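The opening residue of the sequence shown carries number 1 in the UniProt record's numbering; numbering runs sequentially from there. Notes for the one structure printed next.
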Amino acid sequence: MAGSLPLRPRPAASRLAPSLVVGLALVGLCLVPSGGPIRAQVSGPGGPAGAMSKMAGRRPTAVDERIKSPRAMQVFQRDANNRATIPIAFEDPDGGATVVSATVLGGGMGAPGFNNAAAGDRTRFEDGKLVGVPTGGPYTIRLQVKRGNNQEFATVGPVFVGDLWVLAGQSNMEGVGDLVDVTPPHASVMALGMDGKWAQAEEPLHWLVDSPDPVHSGDPATRANRSAEQHRTRAKGAGLGLPFAVAMVEATRVPVGLVATAHGGTSMAQWDPAKKGEGGNSLYGSFLRQVQLAGGKVKGVLWYQGESDANPQAAKVYHKVFADFIAAVRSDLNQPDLPFYFVQIGRFIIPGSPDPKDWNLVQDAQRRLPDRVPNTAVISVVDLELDDLIHVGTQGLKRAGQRLARIALREQFGQVGATTPTFDRVAAGSHNTLLVKFKGVNVQPNAAMNRRGMGGMMGGPAGMGGMGMGGMGMGGMGMGGGSSPGEDAGAGLRPERHVGGFSIRKEDGTAIPLIFEAKVGKSNDSVVLKLTGAIPPHSFLWYGYGHDPYCNLVDGLDMAVPVFGPIGLDNLGSEAEAAAAPAASPTPAPAPVAAGAPKPSSAAAPVASATKPAGQPGAASTAGPIKVLIITGDNYHDWKATTEYLKSKVLTPPNFDVDVTATPAKDLTESNLAKYDVLLLNYMNTNKGGPETQWSDANKQAFLDAVRGGKGLVSYHFASAAFTKPNWAEFEKAIAGGWRSQGFHGPKHVFTVKKAGPKHPISEGLPAEFVHAIDELYQNSVITPGSTVLATAYSDPKKPRGTGKDEPVIWVNTYGKGRVYVNALGHDVEAMSDPNFAAWLRRGVVWAATGEVPPGPALGVGGGQQGAAKAERRIARAEYIDKMKGGWIGQMAGVAVGGPTEFRYQGETVPADKVPAWKPSMINQYDQDDLYVEMTFLRTLEQHGLGATARQAGIDFANSRYPLWHANKAGRDLLRKGIAPPDSGHPALNSHADDIDYQIEADFSGLIAPGLPNTAIALGETFGRLMNAGDGLYGGQFIGAMYAEAFFEADPEAIVRAGLKAIPQGSQYAEAIRDVLAWYKESPDNWEATWRKVDAKYQKNRDYRRFSCSKDEKEPYKFNIDAKLNGAYLVMGILYGKGDPDRTIVVATRCGQDSDCNPSSAAGVVFTTIGYSKLPRKYVEGLDANTKFNSTPYTFSRLIAVCEDLADQAVKAAGGRIERSADGSQMYVIPVEAPRPSPLASCWEPGPKANSTFSAREKGQIVEKP
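This is the structure:
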């Protein structure tokens, strides 16, 4: 799933009143659907009501060993619609038996005579699967089996639909707590054990010895004896998984399945994703196998690991290895936003007091990770008791599990939950005190609520049931579980006095005995440290230094403060400054959110304006936009275009207030410069500048004095070349060097920018690296003494003028009291349009002004252009539907016009008289494969939700029966042979992987994702890799992203550039699109001139046909179905069409080659910008909305309805919402997001195969043969 959604209203089956159920039973009604396909009957109440007792035992109610799926006690992951698909697998040892129907019986009792038609209307038995089973359980699955003329029934249960959470890491996740006073089993919490069997979850959850994977269980020859001995004698094994799951169930009433994968004493090297090919001989391979056994899709991952990496080698790279591990898990599970919640390692009672540097380094990496990796969160356990030297005890693990549950409830359900209170900043107070501020402190004003539970608030009994059906009670969680008797659990940080864990130390860790008292401050989100005297220079603040500190700081919801340090104490701001800075205030626990309501969100506060001396990180005492003066007027570069872009697209309100001077001779005065917080140089003195651009000696002195006195300075791109003839040495010092006289660069190209150097507010939270849009790479720059390089780019020696070095591109320094930020990127608007450039520049400006960079979307990737304060777009749902309908009409119209000339003109343009004149009846293209193939993918999404896996998509595509060609056919043949994606599209197996196929079919991915390019990209990973890779994949993702933008943007060039941002900039496909954009600029009214350039490079140049297929061996370069060439043609249609629907179709058609697919996509994009209701009548008046598209269940009307539902899911999954006005109209509120392209690869130099194959069960679902 692209993102997790708030808990929705419970399904209709769960909402039926008990009195209604009883009444129906008394009168003997049987609600059985008549006619139509075989449906799964849902009997009984269907939801978890009546089966939620925490102490209730759970045993299989029905077991028939012939049923291989589902298994008794199994939990299936629900989809975005709160439903699940349950595969049915039945093995008859005698043969000849066929499953003809499936029935879902609610309550686990198999109550006869009652069928829930409300749920049954959407729950059906189809293609060997139960589709649409509602969230809940316990269910019993009853199969009707036919053998010849005889029928019999087979049953299995209980079965549940809910949420799956993976338990992974080392021993503290495996569980080493004493098996005394453990969390009791819960009737709605199941577990997939390491033996691959489902059972009710009970301690211990992890039995390594029972795993079939040697990495866990060791020598198979002795496993049975070891297993018997361990099951007889084991006294330890309590963990945090069961307490977490029980807390989740009692809060959400959603069944939980735990997937056990942890293994004690393991390091990140042992969890290396690169070893997944080793299967059960590697931890990662075993992890993936276990997840696939659970169904392949999960709600989230819980992780507790790091102790084994606290050594000199591993600790240094833990921050990167851990982040890469999370990325690999998300990629391999095809869940790019998979929640990943983890535990910061706690204490270690280690003899001999060794240097704790590596232990603390791992802790700090874990503390910081959530700031740079989305959908992650950390909890602390440093305050919890141990059962031995390193393992958290049973009672402590209960609290740890509940802490993780509070995170999940808040992040995934929008319920009463918690954040982890983390260090924000430290300031100097009066009378030798330090004020340590924290963000994310949970304050629950009504402490009594914690003691009663949510049920008590609602007038019902304490705990879960007090809110009735669908209530979200928290009583079972014990929200104030860590409170001491009589202590107010809602008062913010605690204990009020005698806070332990803080220390002041030298750089080498030596303690400086200064703190004599630590207590909670008046604001309840701070701690006041009283000191015996002044703080020596070069001192550092720590909380939790060492292996075994005493730390006891928690907040009102028992969320512990993580270990942090070292925090430098030189040049501290004052307490007053800290109080006025835009800090995160205490976080109240949110009010319970109604089912289906959007999750709570917070907009970023405006960045505080300040002109503070360098080295003092606090913001000024007044908040407001940062005032920036862009100094320009002369430059060898296009200073007018870049200045306008800086002002209108990068440094936008409300965070920035920008003025521009193109007359520095007049405006560089002491009085004028005093108005600004930051001076931004986009200036280079040339011999073409007028007198008003020339700096006088007085101007130069005013400029230097302003920066030296504390104004921030930003040197952008070629500004560092100013004043070199002769060299103005003091200016060079002030701007921290740069190009000056000795710099140089090669041709513009795509390159990777990587973070470098120590932690810094500018780079904190930004990606470790990014592929930068085509730009100049400055080389041999002057780096003045004292500079700190924040980012570099490798200069490839294979490229013209490449140096083979990591060249600095972003760095900082100081000049007097002023902070200086240098950014050598951004040669022109094209390079500046990379959102990564904007993020780095914004953050550099803020740092130059204030010395710090507060969090918030306004300053990260994705802020700015669409409104920095909220970073949201809005479109009426009715307008979305109208535009989406227009997109489908565009596809139908384009393919109708281009169909007659498809591949009849190869390497030549289509004569104008061969383009058919439009007739209204042409719109009904219901037998066009360029349309109905993509509807197979829509059908998968309709049945399985946006979280449908690539493997499920592969099964559905394999079972399609229509004829296919090229990559589609090759991919489908591989799928039918058991080769699962992504290998079905891998170039080593699919010789057509660079063909146009997914580009043809990707229109749907943008039509259901308004303003959401990352959804379109993710859908490409799911469906595009069935048959394509490299440029063949990127073409489809490019198309999807253009559609996503077309709902908000009408300018054709802007739409094309938005699509370009969604694919790897180093790909040949991206190169082709950039070329067309450039050639269009050169010949904006002559499409044939651009066609000739495209033909010369992408049709006739073998370097751009390295994986091109051909059906004509005599003239292999005439026929061309390559995605790049045809992508260039359809972009030509969009650009040269200039928004006109007729001209768009004609130009794209006349470019030739695949002349029906290209105008279909081009017109689809353009028609989306127009909308169905505003299209010329000729395109819609002949539409037959009631005929089904070939090989699909979709009429045009049903197609639109399915897309509506999927768009609702996509908006919510991306963190958006649907607002309803008083008149009942609905509005999509969609977060602005920066595209996250797929990894760069090419079909002629592909990476290794994934060795992905379908399981036996999955193969059983593929009925079509190659």
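Beta carbons are placed, not taken as given, at the ideal position from N, Cα and C, and that holds for glycine. These numbers come from a predicted model, not from an experiment.
{"Item": "List the whole-angstrom C-beta distance separating PHE322 from LEU369, where the pair is believed to meet the contact cut-off of C-beta under 8 Å.", "Value": "6 Å"}
{"Item": "Taking a contact to mean a Cβ-Cβ separation below 9 Å, would you say GLN270 touches SER217 in this structure?", "Value": "no"}
{"Item": "From what residue to what residue does the alpha helix (DSSP H) around ILE1039 run?", "Value": "1030-1046"}
{"Item": "Taking the alpha carbon of GLN412 as the point to measure from, which residue in ALA838, LEU531, TRP165 and ALA988 has its own alpha carbon closest?", "Value": "TRP165"}
{"Item": "Please check if any C-beta of chain D sits within less than 9 Å of the C-beta of LYS1174.", "Value": "Among the chains in the structure shown there is no chain D, since it carries only a single protein chain."}
{"Item": "Classify ILE349 as buried or exposed, calling it buried when 16 or more other Cβ atoms lie within 10 Å of its own Cβ.", "Value": "exposed"}
{"Item": "Alpha carbon to alpha carbon, what distance is there between VAL1076 and SER380?", "Value": "53 Å"}
{"Item": "Okay, do the segment 785-803 and the segment 676-696 touch, 3+ Cβ pairs below 8 Å being the bar?", "Value": "no"}
{"Item": "Using beta-carbon positions only, say whether GLN335 and GLN363 come within less than 9 Å of one another.", "Value": "no"}
{"Item": "Check ARG801 in the structure and name its three-state DSSP category.", "Value": "coil"}
{"Item": "May I have the straight-line CA-CA distance separating ALA511 from PRO356, to the nearest angstrom?", "Value": "13 Å"}
{"Item": "Check whether the Cβ atoms of ASP913 and THR936 lie closer than 9 Å to each other.", "Value": "no"}
{"Item": "Check whether the Cβ atoms of THR1015 and ALA1044 lie closer than 9 Å to each other.", "Value": "yes"}
{"Item": "Determine whether the beta carbon atoms of SER715 and ALA665 lie at a separation below 9 Å.", "Value": "no"}
{"Item": "CB-CB under 8 Å to ILE774, same chain, minus the five flanking residues each way: which ones, in chain order?", "Value": "LYS748, HIS749, VAL750, GLU830, ALA831, GLN1065 and ARG1074"}
{"Item": "Is SER331 closer than 9 Å to VAL256 when the C-beta atoms are compared?", "Value": "no"}
{"Item": "Use the C-beta contact count for GLY1247: other C-beta atoms within 10 angstroms, 16 or more gives buried, fewer gives exposed.", "Value": "exposed"}
{"Item": "At which residues does the alpha helix (DSSP H) containing GLN1068 begin and terminate?", "Value": "1068-1082"}
{"Item": "Between the beta-carbon of PHE1023 and the beta-carbon of GLY1035, is there less than 9 Å?", "Value": "no"}
{"Item": "Would you call the segment 215-232 in contact with the segment 132-139, where contact means no fewer than 3 C-beta pairs closer than 8 Å?", "Value": "no"}
{"Item": "Please report the residue range of the alpha helix (DSSP H) in which TRP207 lies.", "Value": "Careful: TRP207 lies outside any alpha helix (DSSP H) and carries neither H nor E."}
{"Item": "Near ARG372, what residues of its chain come up, given a Cβ to Cβ distance below 6 Å and the 5 sequence neighbours on each side ignored?", "Value": "GLY765"}
{"Item": "So what's THR233 in DSSP terms, helix, strand or just coil?", "Value": "helix"}
{"Item": "If you run the structure through DSSP and keep just helix, strand and coil, what is THR140?", "Value": "strand"}
{"Item": "What separation, rounded to the nearest whole angstrom, lies between the Cα atoms of GLY1127 and CYS1151?", "Value": "11 Å"}
{"Item": "Considering only their Cβ atoms, is the gap separating VAL133 from ASP64 smaller than 9 Å?", "Value": "no"}
{"Item": "Pick helix, strand or coil for LEU31, following the three-state DSSP scheme.", "Value": "The predicted position of LEU31 is uncertain, since its pLDDT is 24 and thus under 50; a value taken from the coordinates is nonetheless stated next. If DSSP states are grouped into helix, strand and coil, LEU31 belongs with coil."}
{"Item": "ASP1031 and CYS1243 - do their beta-carbons sit closer together than 9 Å?", "Value": "yes"}
{"Item": "In chain order, what residues of the same chain lie with their CB nearer than 7 Å to the CB of THR724, ignoring the 5 residues before and after it?", "Value": "ARG740 and SER741"}
{"Item": "Assuming SER984 and GLY954 form a contact by the criterion Cβ under 8 Å, report the distance between their Cβ atoms to the nearest whole angstrom.", "Value": "6 Å"}
{"Item": "Are there 16 or more other CB atoms within 10 angstroms of the CB of SER484, so buried, or fewer, so exposed?", "Value": "Confidence at SER484 is low in this model, with a pLDDT of 34, below 50, so the placement of that residue is unreliable and no value is reported for it."}
{"Item": "How should TYR1228 be labelled, buried or exposed, when 16 other C-beta atoms within 10 angstroms of its C-beta is the threshold for buried?", "Value": "buried"}
{"Item": "Between the beta-carbon of TYR341 and the beta-carbon of ALA408, is there less than 9 Å?", "Value": "yes"}
{"Item": "Rank ARG289, ASP638 and PRO243 by C-alpha distance to the C-alpha of ASP195 and give the top, closest one.", "Value": "ARG289"}
{"Item": "Between which two residues does the beta strand (DSSP E) harbouring ILE774 extend?", "Value": "769-775"}
{"Item": "Which residues bound the alpha helix (DSSP H) around LEU1007?", "Value": "1003-1007"}
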